[in-house]
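So the protein sequences, as listed, match chains A, B and C. Read in my numbering, the first sequence has 313 at position 313, and its numbers run on one by one without any break. Start counting at 1 in the second sequence, then tack on 643, and there's your number in my numbering. Start counting at 1 in the third sequence, then tack on 742, and there's your number in my numbering. Cβ coordinates follow ideal geometry from the N, Cα and C atoms, glycine included. Have a look at the structure below, then the notes.
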Amino acid sequence: MFVPLQESVPVVAPSAAGGVFSLLWVIIALPALGAAVILLLGNTRTSKWAHLLGCATVVVSFLISLVAFVVLLGRDAGSRQIDQNLWSWVQAGSFKVDMALLYDPLSAVFLLLITGVGGLIHIYSIGYMEHDVRRARFFAYLNLFVAAMLTLVLADNYLGMFLGWEGVGLASYLLIGFWQHKPSAAVAAKKAFVVNRVGDIGMALGTMMVFATFGTVTFAGVSAAAGRAGETTMTVLGLLFLLAACGKSAQVPLQSWLLDAMEGPTPVSALIHAATMVTAGVYLVVRSNFIYDYAPVAQTAVVVVGAVTLLWGAVIGCAKDDIKKALAGSTMSQIGYMMLAAGLGPAGYAFAIFHLLAHGFFKANLFLGAGSVMHAMDDDVDMRHYGALQKALPVTFLTFAVGYLAIIGVPPFAGFWSKDKIIEAAFADNLVVGLAALVGAGVTAFYMTRVMLMTFLGQKRWADGVHPHESPKVMTVPLIVLAALSAVGGLLVLGGWIDHWLEPVAGAEPQENGQINVLLMSLIILVTVVVGIAIAWLTVGRNEVPRTAPTKVSVFTKAARADLYGDAINEELLMRPGDRFVTGLVTFDDVGVDGVVNGTAGAFGGMSATFRRLQTGFVRSYALSVLGGAVLVVLALLAVSLA
Amino acid sequence: MSATPFLVLSAILFTIGCIGVLTRRNAIVVFMCIELMLNASNLALVTFSRVNGNLDGQVAAFFVMVVAAAEVVVGLAIIMTIFRTRRSASVDDASLLKY
Amino acid sequence: MVGFWFLAPVMVAAALGILFVRKAVHAALLLAVVMIGLAVLYLVQDAPFLFTVQIIVYTGAILMLFLFVLMLVGVDASDSVVETIRGQRVMAIVVGLLFGVIVVLGVGQVSLGAVQGLAAANAGGNVPGLAQLLFSKYVFAFEATSALLITAAVGAMVLAHRERLTPKSTQADLAARRMQAYAEHGTHPGPLPAPGVYARHNAVDTPALLPDGSPSEISVSRTLQSHGTVKTAPTRDIDRLTGAIGDGTSNLPVRGSGPRGGIDGDPSDTSRPEEGDQA
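Written as structure tokens, this is what we have:
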């Protein structure tokens, strides 16, 4: 399976844009314009209409994307890659980069996801952020984020992608730290920024190496020349881009920022950490398929990272009492599935993107539902203080339930189709990876059932004075839409539509899955899921949930509560040695460098203190020195003339 | 008549002026010694003028006198001012500008 | 030539005298001797114009300016013998002599060639010849000296000028101040006692004697006191005087005796401080 099927690697060969595709740049420009207008005019001047502008720009972008998508559907598979060259961006010697946009099936799907789910989250935010005085600024940041993400997926070269990549990093920093008055939020934003920078180094180095190797950074140029580069080069490139993907997609070992990032407002968690930003890593891997297909070692690394992360996130999700953190653990886990699929080569790219879409729907749904619950519970995030909310929040409960069924993979909801495909592909690839994916599905069922049980069912454990109420329509309507999408999203896989759709980008799926009985596989997965649900019912649903978290728990639970000691590992391996190194440098600077400088200054000071005694103030002493000088001059003159 | 005796006399007078500047402390006397040095150099200039057979040396001596006049005017005014404030004409007393 | 050999030792002696006399006035007079000698040497060397200028401007004007300032500063401003800067005098003499010896030796070594004389240059007269040079070759330097002289005059004026900070005292103010001093300190409001009034001498440099026989220091000019030329009444006169009064003590404390320049504390000591200076 890991033998690269070189003849099947697709080449990006776009045609020039025309018709509706000449409007591609507008899709990016609109949210960027919205952000610019709101930020430049300021919060107070725009507070009355900023949310409307913010939603309008994204909705119009969505409509354009939709029209473009429909037109693209009408074309035949061979001519579904469109390139719009905007302007010459960088021109320095042989290094020439155009600001150009690439619209192909992959970016088309992403455009719909980003503008569609993003638009719904914008609308939801109108209600969620209603009482925040800085709402206009919030919408500006959301728009900035959407614009950056669109740049990321539309760019036709690695440098343009890097621009969007960094823009997403900036916007996520601003949004996570939006409630900057909370120290925890400020710290979380900084942490996300720093960890993302580690990944960005991979992205930057990878881009440089691409240019050094191929002399160009466009996807078209690189994909055409990919076969000519050596396998080692390709492996290094693949690993660098994997590092980048780990940073953005919160994969092990750069996973630590995602859980803290839940300090941001809930729509941010939904937008950034469910539907869009964390998928950028998967997008990068799938987009760079022409690199990974020639680098089996890097592919293996992607699979390993994905498998480890999917279990890591799932385990964390089991132990968290904070509803958003439980969902964040789940996000990590699901992105792990996508990475795993993306690492499987042509067999998995389509499933990775399919799961990404499905996940975008149901995870946005779940996060927004969680936001609705928090809204009702006075911003309390502890699930131990919930319980029996299904009557108080009927719409939220129903939509959340749809999302729940989708994520654990109950047919016919979206997650069933997408996750099944990935697990099948994993088994086809390697038994261990397949088992990891299967166990992950069971654990997913366990922790999601736990969330369901603790939040909506069981006994009331509300704090005094809390009176849950259903959220306003502006928040529930997006929930309903997303729930519907979660329910029917699986239809995309019918007849292998998504596979064929992505074929121009990712290449054809090799037809060798026949060795596994698909029906039997689905049955095994369903049994695993049911076992997970049953364990959750036995441990959580059957018993009274204590209002405070029990302290006498197993080592395993303690580790999961501490994010499997991810922060501790970072601290011990990176922070402490770095700290010591810097302390050493400071000491060297204080003692060594300053010592030399101060020593020189001191020596001159001491000499001056001695020599200044010559300056007696007596004119006659000075005159004596002048006469001495005159004697020397006369002597010299004499010596010269006599010689 | 040979020029050397005039030059030697000039050198002797100049040296005496030097020593006077270095040893006397009364500012006015120091000033007189400076005048003595200037006059000694004038003598040398006039002598050289005669040796060379042109009047340039005498013109130079003339300029020295003019400059000396200007210098004496300002110098004595400074001495007066210092004496007014310090009640002393000793050059050693005006030694505040030091380390 | 004879004039030179006659004048040169005189000039060197006078110049050396400047180094050793203690009174600035004497130094000025010795400098005048040197300058006039120089003027004669100028004349000897065919420089009649400089001879005139040297005498009129240098000796007549500049040196008189020195004397004038000396008068303003006070004739008492004479040097003390003690050298304050350690090693200065020794070093000055050593380095100065070294310098002189080297220069004299150097001058002696240099061969100047034949003396051309100024007969040709002074053919049309020394003064027209100088004027020719001054207003042609050296005209810019000449104009610059005019600016220099103006600047020097203005500078001297600025330096010597003193703003009057308080209104000028009138006769009435002075009288009031004198009476106030009498009321507060008992200062005698009347005129100072004249010197020598009650003594046998009535010269201005002899202090008057008070009724108890002690000399009154305020009866002689302060300038004379600081100059050290105040005479004291001869001992025998005082003795006789005290004997006549009938007061046996002749060792009365003397008021106002300073470290030097005042009236001798011990009347029996006839030596005067200025005698040592003039030796």
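Contact between the stretch 21 to 29 of chain A and the stretch 52 to 64 of chain A: three or more CB pairs below 8 Å?
Two segments are said to touch when three or more pairs of C-beta atoms, one from each, lie closer than 8 Å; by this definition the stretch 21 to 29 of chain A touches the stretch 52 to 64 of chain A.
Which same chain residues end up closer than 6 Å to M129/A when comparing Cβ atoms and leaving out the 5 residues on each side of it in sequence?
Walking along the first sequence from the start, residue 129/A turns up at place 129. Sequence-distant Cβ neighbours of M129/A in its own chain, meaning closer than 6 Å and more than five residues away, are R135, F138.
With N85/A as the anchor, note down where its alpha helix (DSSP H) starts and where it stops.
Against the first sequence, residue 85/A aligns to sequence position 85. Run containing N85/A: none in the alpha helix (DSSP H); it sits in the beta strand (DSSP E), 82 to 92.
Contact criterion: CB-CB distance below 8 Å. Does F618/A meet it with respect to chain B?
As a first step, residue 618/A is located in the first sequence; it is residue number 618 there, counting from the start. The Cβ of F618/A sits closer than 8 Å to at least one Cβ of chain B.
State buried or exposed for Q830/C, treating a residue as buried only when at least 16 other CB atoms are found within 10 Å of its CB.
As a position in the third sequence, residue 830/C is number 88, starting the count at 1. Buried is the call here.
Check the DSSP bridge columns for F95/A and list the partner residues they point to.
The residue labelled residue 95/A in the question sits at position 95 within the first sequence. As DSSP reads the structure, F95/A sits in a beta bridge with A92/A.
Measuring straight from C-alpha to C-alpha, what distance separates F354/A and W497/A?
Position 354 of the first sequence, counted from the first residue, corresponds to residue 354/A. Position 497 of the first sequence, counted from the first residue, corresponds to residue 497/A. Rounded to whole angstroms, F354/A to W497/A spans 10 Å at the Cα level.
Closest to R561/A by CA distance: which of L39/A, E571/A, A549/A is it?
Mapped onto the first sequence, residue 561/A falls at position 561. Looking at the Cα atoms, A549/A is the closest of the given residues.
Roughly how many whole angstroms lie between the Cα atoms of D380/A and M374/A?
Within the first sequence, residue 380/A is the residue found at index 380, counting from 1. Within the first sequence, residue 374/A is the residue found at index 374, counting from 1. One Cα belongs to D380/A, the other to M374/A, and the distance between them is close to 6 Å.
Throw me the rounded Cβ distance for the A140/A and L39/A pair, which I believe falls under 8 Å.
Here residue 140/A refers to the residue found at position 140 of the first sequence. Here residue 39/A refers to the residue found at position 39 of the first sequence. With 8 Å as the limit, A140/A and L39/A qualify as a contact, their Cβ atoms being about 5 Å apart.
Buried or exposed: H903/C, going by 16 or more other Cβ atoms within 10 Å of its Cβ?
Locating residue 903/C in the third sequence gives position 161, where the first residue counts as 1. Of the residues assessed, H903/C falls on the exposed side of the cut-off, its CB having fewer than 16 other CB atoms within 10 angstroms.
Who are the near neighbours of A16/A in its chain, counting only those whose CB is closer than 6 Å to its CB and skipping five residues on each side?
Numbered from its first residue, the first sequence carries residue 16/A at position 16. Cβ neighbours of A16/A beyond the five flanking positions: none.
Using DSSP bridges, identify the partner residues of A100/A.
Here residue 100/A corresponds to residue number 100 of the first sequence, with the count starting at 1. Under DSSP, A100/A forms a beta bridge with N85/A.
Have a look at A487/A, G369/A, N543/A and flag the residue whose alpha-carbon is nearest the alpha-carbon of P478/A.
For the purposes of this step, residue 478/A is identified with residue 478 of the first sequence, where counting begins at 1. Looking at the Cα atoms, G369/A is the closest of the given residues.
State whether the stretch 118 to 126 of chain A contacts the stretch 467 to 483 of chain A, with contact taken as three or more CB pairs (one from each stretch) at a distance under 8 Å.
Taking 8 Å as the limit for Cβ pairs, the verdict is that the stretch 467 to 483 of chain A does touch the stretch 118 to 126 of chain A.
Closer than 9 Å between beta carbons: that is the criterion. Which residues of the stretch 842 to 853 of chain C meet it against chain A?
Within the stretch 842 to 853 of chain C, I844, V845, L847, G848, Q851, V852 place their CB atoms closer than 9 Å to a CB of chain A, listed in sequence order.
Going by alpha carbons, who is nearest to K191/A out of Q255/A, V97/A, V236/A, T455/A?
The count along the first sequence starts at 1 and reaches residue 191/A at position 191. Across the set Q255/A, V97/A, V236/A, T455/A, the C-alpha of Q255/A shows the shortest separation from the C-alpha of K191/A.
What did DSSP end up calling T218/A once you bin it into helix, strand or coil?
Looking up residue 218/A in the first sequence gives position 218. For T218/A, the three-state secondary structure derived from DSSP is strand.
I'd like the list of long-range same chain contacts for A756/C, defined as Cβ closer than 8 Å, with 5 residues on each side in sequence excluded.
In the third sequence, residue 756/C corresponds to position 14, counting from 1. Contacts found: L772, L773, V775, V776, G779.
Tell me the residue span of the alpha helix (DSSP H) that contains F748/C.
Residue mapping note: residue 748/C aligns to position 6 of the third sequence, counting from 1. In the DSSP assignment, F748/C falls within the alpha helix (DSSP H) that extends over 744 to 762.
If we count Cβ pairs, one from each stretch, closer than 8 Å, do we get three or more for the stretch 318 to 327 of chain A versus the stretch 440 to 452 of chain A?
At 8 Å Cβ cutoff, the stretches touch.
With a threshold of 8 Å between beta carbons, is M723/B in contact with chain C?
Residue mapping note: residue 723/B aligns to position 80 of the second sequence, counting from 1. M723/B counts as touching chain C.
Between which residues of its own chain and G566/A is the CB-CB distance below 7 Å, once the five residues before and five after are set aside?
Along the first sequence, read from residue 1 onward, the residue named residue 566/A stands at position 566. The residues are Q255, S256.
Within the chosen definition, does the stretch 75 to 92 of chain A reach the stretch 238 to 258 of chain A through at least 3 CB pairs nearer than 8 Å?
In short, these stretches do not touch, since the Cβ pair count stays below three.
Between the C-alpha atoms of A895/C and I677/B, what's the straight-line distance to the nearest angstrom?
The residue given as residue 895/C occupies position 153 in the third sequence. The residue given as residue 677/B occupies position 34 in the second sequence. Those two C-alpha atoms are separated by around 20 Å.
Tell me whether N697/B sits in a helix, a strand or coil according to DSSP, three-state version.
Here residue 697/B is taken as the residue at index 54 of the second sequence, counted from 1. In the structure shown, N697/B sits in coil (DSSP, three-state: anything other than H, G, I, E or B).
For S738/B, would you say it is in contact with chain A, using Cβ-to-Cβ distances shorter than 8 Å as the test?
Numbered from its first residue, the second sequence carries residue 738/B at position 95. It does: the Cβ of S738/B has a partner Cβ on chain A nearer than 8 Å.
CB contact below 8 Å: G855/C versus chain A:
Your numbering for residue 855/C matches position 113 in the third sequence. No - not a single Cβ of chain A is within 8 Å of the one on G855/C.
In chain B, which residues lie with their C-beta within 8 Å of the C-beta of A750/C?
Stepping through the third sequence from its first residue, residue 750/C is reached at position 8. Result: P648, L652.
Cα separation between V402/A and R580/A?
The residue labelled residue 402/A in the question sits at position 402 within the first sequence. The residue labelled residue 580/A in the question sits at position 580 within the first sequence. Cα to Cα, V402/A sits roughly 51 Å from R580/A.
Beta strand (DSSP E) segments (min. 3 residues) lying fully within the stretch 327 to 355 of chain A:
DSSP runs (the beta strand (DSSP E)) wholly in the stretch 327 to 355 of chain A: none.
Taking the C-alpha atoms as reference points, what is the distance between F884/C and F706/B?
Against the third sequence, residue 884/C aligns to sequence position 142. Against the second sequence, residue 706/B aligns to sequence position 63. CA-CA distance, F884/C to F706/B, rounds to 8 Å.
Does the beta-carbon distance from S684/B to F657/B come in below 8 Å?
In the second sequence, the residue the question calls residue 684/B occupies position 41. In the second sequence, the residue the question calls residue 657/B occupies position 14. Taking 8 Å as the cut-off, the Cβ atoms of S684/B and F657/B count as close.
With 7 Å as the C-beta to C-beta threshold (strictly closer), list the residues of the stretch 598 to 630 of chain A near chain B in chain order.
So the list reads R612, R613, Q615, T616, G617, F618, V619, R620, A623, L624, L627, given in the order they occur along the chain.
Output the distance between the C-alpha atoms of K973/C and P949/C, rounded to the nearest integer angstrom.
Position 231 of the third sequence, counted from the start, is the residue given in the question as residue 973/C. Position 207 of the third sequence, counted from the start, is the residue given in the question as residue 949/C. Straight across, the Cα-Cα distance linking K973/C with P949/C is about 7 Å.
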